[in-house]
Amino acid sequence: LQPRVASLYVTRGAVQAALAHNEAALQDYEHAVQLAPDNAKAQLSKGMLLIGLNRRKEAMPALQIVCRLNQDAACAKARQLMASGG
Numbered sequence: 054l055q056p057r058v059a060s061l062y063v064t065r066g067a068v069q070a071a072l073a074h075n076e077a078a079l080q081d082y083e084h085a086v087q088l089a090p091d092n093a094k095a096q097l098s099k100g101m102l103l104i105g106l107n108r109r110k111e112a113m114p115a116l117q118i119v120c121r122l123n124q125d126a127a128c129a130k131a132r133q134l135m136a137s138g139g
């Protein structure tokens, strides 16, 4: 049940981010990561939001986890973000 609930938090976080409710989005992504630490989408979403907020140092652990999870497409995006800074 927890991975399914985590996905709901990721979806709600994406909606919050689209509305520029960045702190609410970050809370949702963090909750998703707590429920399902191996959810690559949650980790990538959290990392992308943090980079967008110029909080690169905080974003790196989440982006590194994405690559550790061997999610090829997500890892490629994470590596791009880590290399470019956003």
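Per the working numbering, residue 54 is the first one in the sequence shown, and the count goes up by one each step.
Even glycine gets a Cβ: it sits at the ideal position worked out from N, Cα and C.
To which residues of the same chain is residue i closer than 7 Å at the C-beta, ignoring the five residues directly before and after it?
i          : result
alanine 59 : Ala85, Leu88, Ala89, Asn92 and Ala95
Quick check: the Cα distance between residue i and residue j, rounded to an integer number of angstroms?
i             : j              : result
asparagine 75 : asparagine 107 : 12 Å
arginine 109  : arginine 132   : 13 Å
valine 68     : alanine 78     : 8 Å
alanine 70    : leucine 102    : 8 Å
leucine 143   : leucine 97     : Nothing about residue 143 can be reported from this structure: the residues present for the chain run from 54 to 139 only.
alanine 140   : proline 114    : The structure shown does not extend to residue 140, since the chain spans only 54 to 139, so no value can be given for it.
alanine 32    : aspartate 125  : Because the chain here runs from 54 to 139, residue 32 falls outside it and cannot be looked at.
CB-CB under 6 Å to residue i, same chain, minus the five flanking residues each way: which ones, in chain order?
i            : result
cysteine 120 : Cys128 and Ala131
glycine 100  : Ala112, Ala115 and Leu116
What does a CB cutoff of less than 8 Å around residue i pick up in its chain, not counting 5 residues either side in sequence?
i         : result
valine 63 : Asp81, Tyr82, Ala85, Asn92, Lys94, Ala95 and Ser98
Report task. Mind listing, in chain order, the continuous alpha helix (DSSP H) runs of no fewer than 4 residues lying wholly within the segment 69-104? Result -> Complete alpha helix (DSSP H) runs here, min 4: 75-88.
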